[in-house]
Every structure is written in structure tokens, then in C-alpha cells.
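To keep things clear, I will list the structure first and then write my remarks on it.
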Amino acid sequence: MTPSEIHADERLVHVPLGERAYDILIGPGLIGRAGGEISARLKGRRAAIITDEHVAPLYLEGLMDGLQTDGIEAVSLTLPAGEKTKSFEHLVTVCDAVLSARVERNDAVIALGGGVIGDLAGFAAGIVRRGVRFVQIPTSLLSQVDSSVGGKTGINSRHGKNLIGVFHQPDLVLADTAVLDTLSPREFRAGYAEVVKYGLIDKPDFFFWLEKNWDDIRTGGPARIEAIATSCQAKADVVVADEKENGVRALLNLGHTFGHALEAATNYDSKRLVHGEGVAIGMVLAHQFSARMTLASPDDAARVEAHLKAVGLPTAMKDIPGKLPPVETLMTAIAQDKKVKGGKLTFILTHGIGQSFVADDVAASEVQSFLSEKHPG
2 MTPSEIHADE
12 RLVHVPLGER
22 AYDILIGPGL
32 IGRAGGEISA
42 RLKGRRAAII
52 TDEHVAPLYL
62 EGLMDGLQTD
72 GIEAVSLTLP
82 AGEKTKSFEH
92 LVTVCDAVLS
102 ARVERNDAVI
112 ALGGGVIGDL
122 AGFAAGIVRR
132 GVRFVQIPTS
142 LLSQVDSSVG
152 GKTGINSRHG
162 KNLIGVFHQP
172 DLVLADTAVL
182 DTLSPREFRA
192 GYAEVVKYGL
202 IDKPDFFFWL
212 EKNWDDIRTG
222 GPARIEAIAT
232 SCQAKADVVV
242 ADEKENGVRA
252 LLNLGHTFGH
262 ALEAATNYDS
272 KRLVHGEGVA
282 IGMVLAHQFS
292 ARMTLASPDD
302 AARVEAHLKA
312 VGLPTAMKDI
322 PGKLPPVETL
332 MTAIAQDKKV
342 KGGKLTFILT
352 HGIGQSFVAD
362 DVAASEVQSF
372 LSEKHPG
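Here the working numbering is used: the first residue of the sequence shown is 2, the next is one more, and so on.
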């Protein structure tokens, strides 16, 4: 398929990674066309679909019918929904299902779901037979604009989030925007936090545009596809510049060091906190900490907080239901962050909206003092 064949209401973002290059298609109705899109790109004629119990009743049958129409033999595995599925136990289950389906290297593992399913299925695709083809069909806003793009896969450990995994690029990403209409308001808001992140990293004009257009994005107007395409292009640009996260790709973790620590503090209980909510709080904390360190204006931190709050996202630790563990426990989680080098804390901080940077060797004492002030006690 060439860009000239893209439908009028679709967008294509190409990720130019040489032999590992792939397309991200964005638009409504793509699940129904998945068989044709996959068969046009991959030689294999067998697939293992990994999904979860929330997504399967909505989209699995339609996907399998479409694959069969285009000559792709598919089996499926439905897993429990939620962050706790990103575990060794479920990784073994997925790997066994892929091998039982006789998926070969030119065949595909298809992730039909949100970020949890994409991360888990991608990890399995990266290690079964030392790597098989992988297709992402993200069904949440968060996974469409972030986790489905870039090849980062993995599972969680008792030591922290996403600490075990591999880089394994997808061969195709199909972001069907129609499925977003089935998301709960909370899930949609959580994904929107990752959209905001791209503006806060290095696209201030995009952030200002989001302030004006976020309600059109929420209701499914023309701004929705534009926001998703802009986000995917932003991530693709960073991935191409730094595929294995040795430099600028770390900027994509804006808000994540604090956010991951908060997720671990709630034991990944989605009733209390989901990933995008943790990122929202984390981005506010990153801007507030930057202001505390006299790196940025407190006005910018307040503006970020105001926008996320207007959307309905939590913006402070006190917004998390239930009691949080002490600051020392949060610091332990932060010390396990993937960006730590030589035991030194690394944070993504900012000089202002759209002016993020990698800060090496951040003093743990400064972080602990800051969190002590923000902790609800």
C-alpha cells in the first residue's frame, strides 16, 4: 500500500528504520481492513492474536473474519485485562500459545488491545524463535499515540515497571480511531496525558493547540486524528534518532519517573491509578520540581497543571485514592528506574513548556525533600 492509496479520512506516518521500517496507519475502520494491510506487507500466512477480556468481545471476531478473508490462518488468546497481566506468568502463557499455533519467523503475533497487551505480546514476539513478525492494533488512545510505536516491549517486576523486556519493532501499526468511541472517559483521559506529553517535550505550539482543541479531540472531531498523527510523528522522529534509548529518546519519559514510582506504590491497582494518570501527575511534578530547582518558571508548572486538571486528570499525589506508602518507598522505586546510570538519578526536567531536557546526576536528597512536601501524608 502506498500513501496515495490512503483514504481521505486517514493519515500515514512512516517510521524509516532501514530494514525494520514500518507504517503507522491512523483512521476509522482499520480493524476490518487488517487482513489486507497485513498480507500486503508480510509473507507469512499464520498469526496468533493476543488480546484481553475487555477487547475480545468487541473486536476479536471481526479481526479474525477479516484475516481469514485475506488468507491468514489465525488463533487467539484472551488474557485478563489490567497492568498485572504484564508478568512472567502471562509471558509464558503467550509464548506457549504462539509456539502451539506454529507461528514461524515470517508469521505474525498480533497485539489487539491497549498498552499492556502490546507490551506483553511484543515481548513474546521478540523472544519466540528469537524474533517473529509483530503487528500492533492498539485499541486505547494511550497505546495508539505511545506504546504501540517504537518497539519497546516488556513486563513488570516486583522491582518496578517495564524493567524486563526487549526492543522489538512492529512491522505495522493499525490505529483504528473508531474504537476510541468505546473507551470510558477515564481511559480516554489517561491516553490524552501522553498526547500532552509530546507538546511538553519540545512542541510548545502543539501544547497551546491542545489547550484550545482538547474538547474536539475528546468528542471525536477532526482534531482527534490530527492529534494522534502529530503524536505518532513526534514519537517516530525520536525513535529514528535514538532507537535504543541511549540519548534523546529518554525525553519520551517525561513524567514517567515519578509516574512509575506512583504506579508501583499503588501495586499497579487500576482502580486507584492507571498509567496515563500516573504520567499526568508525574508531568506536573516534573515541572514543579524544575521550578523548585530554578530551572523553569512556576507559571509554566501552573499552566500544565491547569490544563490537565481541566481535562479531568489527577495532577497531585493527593488525588490518588487510598493511602500512599512513605516517601522512602517512592525513592526506592525511583532508584530502580531504567534511566538510572551508575546509581545516579536521571530525570526529564524542563526549562519551560516544550523545553524538556535530560538531567543527569539529580541529587536524591533534593528529590526526597520535594516529594516530602508533595506527599499527602
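For glycine and all other residues, C-beta sits at the position ideal for the given N, C-alpha and C.
Cβ-based burial, residue i [other Cβ within 10 Å; buried from 16]
i: Pro4; result: Residue confidence is low: Pro4 scores 38 on pLDDT, short of 50, so the model does not pin down where it sits. Its coordinate-derived value is still stated next. Flag for Pro4 reads exposed.
i: Pro315; result: buried
i: Arg159; result: exposed
i: Thr347; result: buried
i: Thr351; result: buried
Cβ pair residue i, residue j closer than 7 angstroms
i: Ile27; j: Ala48; result: no
i: Leu80; j: Asp53; result: yes
i: Ile335; j: Asn254; result: no
i: Val240; j: Ile25; result: no
i: Val99; j: Ala75; result: no
i: Pro29; j: Thr178; result: yes
i: Glu195; j: His308; result: no
i: Gly127; j: Thr154; result: yes
i: Val56; j: Thr183; result: no
i: Leu252; j: Ser357; result: yes
Residue i versus residue j - alpha carbon distance
i: Lys204; j: Gly355; result: 5 angstroms
i: Asp172; j: Arg42; result: 8 angstroms
i: Lys345; j: Lys245; result: 20 angstroms
i: Glu188; j: Ile138; result: 17 angstroms
i: Ser370; j: Met294; result: 12 angstroms
i: Lys87; j: Phe168; result: 16 angstroms
i: Ile202; j: Arg103; result: 42 angstroms
i: Gly37; j: Gly83; result: 30 angstroms
i: Val249; j: Asp361; result: 13 angstroms
i: Asn157; j: Tyr269; result: 10 angstroms
i: Ala191; j: Leu142; result: 8 angstroms
i: Glu263; j: Ile111; result: Note that residue 263 is Leu in the sequence shown here, rather than Glu. One C-alpha to the other measures close to 30 angstroms.
i: Val359; j: Pro58; result: 42 angstroms
i: Met284; j: Gly116; result: 19 angstroms
i: Arg219; j: Val146; result: 14 angstroms
i: Ser77; j: Ile321; result: 35 angstroms
i: Gly313; j: Ile50; result: 33 angstroms
i: Gly119; j: Leu286; result: 27 angstroms
i: Met2; j: Asp71; result: Low confidence applies to Met2: its pLDDT is 42, below 50, so where it sits in the model is not reliable, and the reading given next is rough at best. Roughly 15 angstroms between the two C-alpha positions.
i: Arg304; j: Lys310; result: 10 angstroms
i: Asp217; j: Val275; result: 23 angstroms
i: Val16; j: Gln234; result: 8 angstroms
i: Ser185; j: Gly323; result: 22 angstroms
i: Gln337; j: Gly221; result: 38 angstroms
Integer-rounded CB distance, given that residue j should sit under 8 angstroms from residue i
i: Ala365; j: Met318; result: That belief does not hold up - the Cβ atoms of Ala365 and Met318 are roughly 18 angstroms apart, past 8 angstroms.
i: Val133; j: Arg106; result: 5 angstroms
i: Leu64; j: Leu113; result: 6 angstroms
i: Ala237; j: Val150; result: 6 angstroms
i: Tyr199; j: Phe207; result: 6 angstroms
i: Tyr23; j: Val180; result: Wrong, their Cβ atoms sit about 20 angstroms apart, outside the cutoff.
i: Ala230; j: Val14; result: 6 angstroms
i: Lys162; j: His261; result: 5 angstroms
i: Leu372; j: Val328; result: 5 angstroms
i: Gln170; j: Arg21; result: 5 angstroms
i: Thr12; j: Ile226; result: In the sequence on display, residue 12 carries Arg and not Thr. The Cβ separation is near 6 angstroms, so the contact holds.
i: Asp301; j: Gly353; result: 5 angstroms
Chain D within 7 angstroms of residue i, Cβ atoms only
i: Gly222; result: Within the model displayed, chain D is absent; a lone protein chain is all it includes.
Counterpart residues of residue i in DSSP-defined beta bridges
i: Thr79; result: Thr52
i: Arg12; result: Ile27
i: Pro139; result: Gly114
i: Gly161; result: Ser158
i: Ile39; result: Ile39 is not bridged to any residue.
i: Glu74; result: Arg47
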